[in-house]
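Each residue of the sequence shown is one higher than the one before, starting from 117 at the first, in my numbering.
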Amino acid sequence: MSEQETYDVEQVQRKWLPVWEELQPFRADDDSPREKRYALTMFPYPSGDLHMGHAEVTALHDVIARYWWQRGYEVLNPMGWDSFGLPAENAAIRNDEHPATYTYANIETQYDSFKHYGISFDWSRRLHTSDPEYYRWTQWLFLKFRERGLAYRKNSPVNWCPNDQTVLANEQVVDGKCERCGAEVTKRELTQWYFKITEYAQELLDCLDDLEPTWPARVVTAQRNWIGRSEGAHVDFRVEGRDEPVTVYTTRPDTLYGATFMVVAADAKLAAELVSEEQRPALEDYLTEVRKATEVDRLSTDRPKTGVFLGVHAVNPVNGERIPVWAADYVLADYGTGAIMAVPAHDQRDLDFAKKFGLPVRRVVDTGEDNPEETYVATTRDGVYVNSGPLDGITDKGTGIHTIVEQLEAAGTGRGTVNFRLRDWLLSRQRYWGVPIPIVHCERDGEVPVPYDQLPLELPELRGADLKPKGVSPLAAAEDWVNVECPTCGGPAKRDSDTMDTFVDSSWYFLRYCSPDYTEGPFDVEKAKAWMPADIYVGGVEHAVLHLLYARFFTKVLRDMGMLDVGEPFAAQLNQGFVINRGKKMSKSLGNGVNLGEQLAEFGVDAVRLTLVFAGPPEDDIDWAEMSPAGSLRFLQRAWRLSGDVTSPAGTAADGGDVALRRITARTVHDAAELVEAYRFNVMIARVMELVNATRKAIDSGCGPADPAVREAAEAVAILLSLVAPYTAEEMWARLGHQPTVARAGWPAVDPALLVEESVTAVVQIQGKVKARLEVAPDISEADLEQLAMADPGVVKAIDGRPVRKVIVRAPKLVNVVV
Numbered sequence: 117m118s119e120q121e122t123y124d125v126e127q128v129q130r131k132w133l134p135v136w137e138e139l140q141p142f143r144a145d146d147d148s149p150r151e152k153r154y155a156l157t158m159f160p161y162p163s164g165d166l167h168m169g170h171a172e173v174t175a176l177h178d179v180i181a182r183y184w185w186q187r188g189y190e191v192l193n194p195m196g197w198d199s200f201g202l203p204a205e206n207a208a209i210r211n212d213e214h215p216a217t218y219t220y221a222n223i224e225t226q227y228d229s230f231k232h233y234g235i236s237f238d239w240s241r242r243l244h245t246s247d248p249e250y251y252r253w254t255q256w257l258f259l260k261f262r263e264r265g266l267a268y269r270k271n272s273p274v275n276w277c278p279n280d281q282t283v284l285a286n287e288q289v290v291d292g293k294c295e296r297c298g299a300e301v302t303k304r305e306l307t308q309w310y311f312k313i314t315e316y317a318q319e320l321l322d323c324l325d326d327l328e329p330t331w332p333a334r335v336v337t338a339q340r341n342w343i344g345r346s347e348g349a350h351v352d353f354r355v356e357g358r359d360e361p362v363t364v365y366t367t368r369p370d371t372l373y374g375a376t377f378m379v380v381a382a383d384a385k386l387a388a389e390l391v392s393e394e395q396r397p398a399l400e401d402y403l404t405e406v407r408k409a410t411e412v413d414r415l416s417t418d419r420p421k422t423g424v425f426l427g428v429h430a431v432n433p434v435n436g437e438r439i440p441v442w443a444a445d446y447v448l449a450d451y452g453t454g455a456i457m458a459v460p461a462h463d464q465r466d467l468d469f470a471k472k473f474g475l476p477v478r479r480v481v482d483t484g485e486d487n488p489e490e491t492y493v494a495t496t497r498d499g500v501y502v503n504s505g506p507l508d509g510i511t512d513k514g515t516g517i518h519t520i521v522e523q524l525e526a527a528g529t530g531r532g533t534v535n536f537r538l539r540d541w542l543l544s545r546q547r548y549w550g551v552p553i554p555i556v557h558c559e560r561d562g563e564v565p566v567p568y569d570q571l572p573l574e575l576p577e578l579r580g581a582d583l584k585p586k587g588v589s590p591l592a593a594a595e596d597w598v599n600v601e602c603p604t605c606g607g608p609a610k611r612d613s614d615t616m617d618t619f620v621d622s623s624w625y626f627l628r629y630c631s632p633d634y635t636e637g638p639f640d641v642e643k644a645k646a647w648m649p650a651d652i653y654v655g656g657v658e659h660a661v662l663h664l665l666y667a668r669f670f671t672k673v674l675r676d677m678g679m680l681d682v683g684e685p686f687a688a689q690l691n692q693g694f695v696i697n698r699g700k701k702m703s704k705s706l707g708n709g710v711n712l713g714e715q716l717a718e719f720g721v722d723a724v725r726l727t728l729v730f731a732g733p734p735e736d737d738i739d740w741a742e743m744s745p746a747g748s749l750r751f752l753q754r755a756w757r758l759s760g761d762v763t764s765p766a767g768t769a770a771d772g773g774d775v776a777l778r779r780i781t782a783r784t785v786h787d788a789a790e791l792v793e794a795y796r797f798n799v800m801i802a803r804v805m806e807l808v809n810a811t812r813k814a815i816d817s818g819c820g821p822a823d824p825a826v827r828e829a830a831e832a833v834a835i836l837l838s839l840v841a842p843y844t845a846e847e848m849w850a851r852l853g854h855q856p857t858v859a860r861a862g863w864p865a866v867d868p869a870l871l872v873e874e875s876v877t878a879v880v881q882i883q884g885k886v887k888a889r890l891e892v893a894p895d896i897s898e899a900d901l902e903q904l905a906m907a908d909p910g911v912v913k914a915i916d917g918r919p920v921r922k923v924i925v926r927a928p929k930l931v932n933v934v935v
């Protein structure tokens with residue numbers, strides 16, 4: 117009989133799936149007296165069936181959730197679908213079907229696959245962000261944010277994806293490209309809705325200190341960099357022919373004496389306001405060229421500098437010097453006021469611009485390097501101030517900044533300030549498949565909110581309509597839906613035809629899980645307070661800024677609204693790596709895709725799950741070409757056979773069983789808990805494999821299948837394997853005489869006395885090579901261990917009379933002899 121025949125994977129899966137369906141072992145009880153734990157994983161887009169990435173992240177996540185159940189916690193482990201948004205809509209357009217039809221069909225496919233995959237989700241809390249019952253409350257939150265001044269509409273330059281024909285938030289532009297489709301992003305002037313996330317910039321930054329011990333370092337760093345706090349000054353420059361001064365933000369106000377010209381973003385409104393009539397045609401011609409470049413191109417340091425003189429001059433407020441005002445593309449319209457003071461001696465881009473157009477260069481910090489006026493190499497280090505009036509001779513940068521800020525404030529021409537790189541969150545989208553913005557536009561009353569009792573404002577079906585992106589939302593053409601009476605005056609009005617960014621939906625879904633059927637608000641406040649924050653959040657590092665920052669913002673606002681007790685949504689976070697193949701990301705074009713369904717059919721759910729978890733630390737990438745699901749299956753078969761070999765009845769006390777095996781079992785269980793809590797799941801599995809081998813060896817060497825220690829070991833294997841291989845573990849548990857389900861069996865008890873080592877193997881090395889192994893007491897002193905080592909015949913022979921220069925002792929495990 118072959119190994120495959122001894123353990124029928126398909127039969128075991130068919131057997132246990134309906135049992136779990138009936139028992140519902142993972143349904144969280146809000147009223148349970150047990151301590152609560154909230155295990156959260158990022159919910160998927162329903163753009164097809166599950167793939168290897170889903171398989172990896174949910175397998176890793178499930179180790180933690182199932183471990184918490186075994187440790188006696190009441191665990192909330194929900195799942196839903198982020199079912200609005202561009203991926204689903206674009207796929208539906210490609211397949212010539214309605215987004216709802218496409219989306220909900222894929223949800224059902226993924227739902228069936230998740231159940232087959234054996235993840236311990238509480239399916240009673242399932243949600244879809246595209247359900248009116250859900251997005252009613254997304255709209256409710258939007259209106260509440262607006263009442264607090266945190267949602268507003270303004271006209272400004274925005275990121276525009278020409279492929280998806282919609283605006284993008286700054287966070288959705290990666291290296292100048294749309295993070296959804298990869299198209300080059302351009303700029304447009306549009307009136308759009310924003311969330312005022314900058315109101316919380318400082319708190320979002322400060323709270324990262326608290327998250328640092330439990331969040332991945334690269335995520336914390338990414339958020340710090342994105343928020344981008346800097347201290348500097350706002351400086352007012354008077355400009356000819358203009359009543360209002362032009363204000364610039366600078367982190368180096370101490371270099372103001374070196375500001376020899378000003379640069380305005382060519383596409384900023386300010387440039388059009390400042391330009392002289394004589395120079396206006398030149399600016400318009402230049403703008404035509406500027407709009408062809410991406411933001412990444414414009415910020416490139418090695419790109420040739422271009423610009424146009426605006427025909428006006430400004431006055432440097434510290435020395436009264438008249439300086440020219442230029443427009444250029446290396447300054448961006450949405451940075452500060454869209455204008456900078458140029459200090460070419462100490463900024464290379466300014467210096468390159470000055471060199472190109474013959475503008476003055478004045479050194480104001482002598483760093484000891486060659487003069488930039490002669491070398492055209494900017495100096496950026498600290499040094500002694502020169503050519504700087506009252507700053508001359510000062511050597512401390514902090515003192516220089518403080519002195520100049522005091523001078524500006526005394527003259528009323530500037531003030532010290534804090535600036536952030538973070539910009540307000542642009543949430544409007546010119547697409548159909550999203551949450552309708554609950555605002556009506558009336559000529560008389562302006563922006564009028566849809567009354568709360570009329571929510572949800574539902575999407576019209578628009579079946580048969582052309583949903584392809586055209587630059588405006590398809591909703592704009594739905595006249596029966598767009599044209600309405602104003603809720604305030606009853607006159608003719610129009611609904612806002614944009615929809616919300618899908619990141620709005622995912623910024624609060626974890627709160628809805630706490631009470632998914634609640635009808636009096638977005639969530640039951642008391643239940644959210646009981647479960648939040650999520651104790652662990654497992655998902656991809658690609659959301660390090662986007663989703664995580666927005667979710668943190670929402671949580672802080674809801675706390676300030678009195679709806680939450682916490683200001684951070686996720687107490688700890690775990691990022692998984694990518695599943696690649698043959699050293700590269702999987703793709704159809706490379707022909708290296710791995711079909712999850714085929715892997716599950718060939719090796720079974722447990723073998724695939726075990727392979728993914730055993731591959732390495734969770735954060736590391738997994739190259740599937742180097743993995744062995746067949747080897748995982750063989751191990752599971754060995755573990756399964758153990759359960760059939762046990763002959764002692766269920767409930768047999770382990771006392772009196774083989775002590776050596778009991779010690780191995782106790783140590784494995786003890787270490788497994790520490791390893792899971794440290795996210796070292798792969799090492800935990802290695803220890804279980806060692807226990808299986810030790811148990812088989814004990815049986816074969818005379819311990820016998822009736823020994824209570826064998827049953828104790830086999831039961832421990834079943835419980836530990838339940839974290840990773842639920843079907844195999846459940847079958848083992850039944851063969852061992854227990855009722856289902858092993859997932860709620862409870863963590864094996866460990867006798868502390870069995871963890872005390874009777875002896876330890878001490879290694880003796882000479883010149884780094886092992887020459888002896890000694891069995892010694894765990895509490896042996898360094899002196900006694902050295903004496904034993906030096907008296908060992910093998911060590912004496914290896915030294916061979918040579919002088920011993922040094923003996924390094926690390927009791928009780930190492931002696932290193934240097935001769």
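Cβ coordinates follow ideal geometry from the N, Cα and C atoms, glycine included. Remember, it's a predicted structure, so these values are computed and weren't measured experimentally.
query, result
"For residue 911 versus residue 901, is the C-beta distance shorter than 8 angstroms?", "no"
"Would you list, in sequence order, the uninterrupted beta strand (DSSP E) runs of no fewer than 3 residues that lie entirely inside the stretch 677-717?", "689-692 and 695-697"
"Might you give, ordered along the chain, the residues of its own chain that have their beta carbon closer than 7 angstroms to the beta carbon of residue 118, omitting 5 neighbours on each side?", "Caution is warranted here: a pLDDT of 38 is assigned to residue 118, below 50, making its placement in the model unreliable, and the coordinate value is therefore given only provisionally. Contacts found: none."
"Please list the terminal residues of the continuous alpha helix (DSSP H) segment that includes residue 848.", "842-851"
"Does residue 773 come out as helix, strand or coil in the three-state DSSP assignment?", "coil"
"Run through DSSP, which three-state label would residue 421 get?", "coil"
"Please name the residue, chosen from 930, 736 and 717, that lies closest to residue 125 on a Cα-to-Cα basis.", "717"
"Can you tell me whether residue 119 is helix, strand or coil according to DSSP?", "Confidence at residue 119 is low in this model, with a pLDDT of 41, below 50, so the placement of that residue should be treated as unreliable; the coordinate-derived value is given next. Helix."
"Might you give, ordered along the chain, the residues of its own chain that have their beta carbon closer than 8 angstroms to the beta carbon of residue 356, omitting 5 neighbours on each side?", "428, 429 and 430"
"Taking residue 932 as part of the beta strand (DSSP E), name the residues at either end of that continuous run.", "930-934"
"State the Cα-Cα distance for the pair residue 267 and residue 832, rounded to the nearest angstrom.", "54 angstroms"
"Which ranges would you report for the alpha helix (DSSP H) in the stretch 628-662 if only whole runs of at least 4 residues count?", "641-647"
"Leaving out the 5 sequence neighbours to the left and right, which residues in its chain are closer than 8 angstroms to residue 499 when beta-carbon positions are compared?", "481, 482, 483, 484 and 511"
"Kindly indicate the opening and closing residues of the alpha helix (DSSP H) around residue 341.", "333-343"
"State yes or no: is the C-beta of residue 306 within less than 8 angstroms of the C-beta of residue 271?", "yes"
"Between the alpha carbons of residue 265 and residue 742, how many angstroms are there, rounded?", "54 angstroms"
"Among 255, 906, 689 and 233, which has the Cα closest to the Cα of residue 728?", "233"
"Measuring CA to CA, which of 865, 844 and 550 is closest to residue 618?", "550"
"Rounded to the nearest angstrom, how far is the Cβ of residue 191 from that of residue 153, given a contact under 8 angstroms?", "5 angstroms"
"Straight-line CA distance for residue 553 to residue 309?", "9 angstroms"
"Given this structure, state the Cα-to-Cα distance separating residue 132 from residue 843, to the nearest angstrom.", "7 angstroms"
"In this structure, does DSSP put residue 159 in helix, strand or coil?", "coil"
"Whole angstroms are fine: how far does the CA of residue 864 sit from the CA of residue 120?", "Residue placement at residue 120 is flagged as unreliable, the pLDDT there being 41, under the threshold of 50; a coordinate-derived value is accordingly withheld."
"Keeping to the same chain, check which residues put their C-beta closer than 7 angstroms to that of residue 366; ignore five residues upstream and five downstream.", "348, 349, 351 and 457"
"Just to confirm the assignment, what range does the beta strand (DSSP E) spanning residue 310 have?", "302-311"
"Among 194, 173 and 177, which residue has its Cα nearest to the Cα of residue 140?", "194"
"Using CA atoms only, rank isn't needed, just tell me which of 373, 470, 493 and 556 is closest to residue 516.", "373"
"Which residues mark the beginning and the end of the alpha helix (DSSP H) in which residue 836 is found?", "824-837"
"Out of 206, 211 and 199, state which residue places its alpha-carbon closest to the alpha-carbon of residue 219.", "199"
"Considering only their Cβ atoms, is the gap separating residue 602 from residue 609 smaller than 8 angstroms?", "yes"
"What would DSSP say about residue 784, mapped onto helix, strand or coil?", "helix"
"Taking residue 541 as the reference, give the member of 803, 873, 314 and 820 with the closest Cα.", "314"
"Start and end of the beta strand (DSSP E) containing residue 438?", "438-444"
"Between the stretch 758-777 and the stretch 820-828, can you find at least three pairs of beta-carbon atoms closer than 8 angstroms?", "yes"
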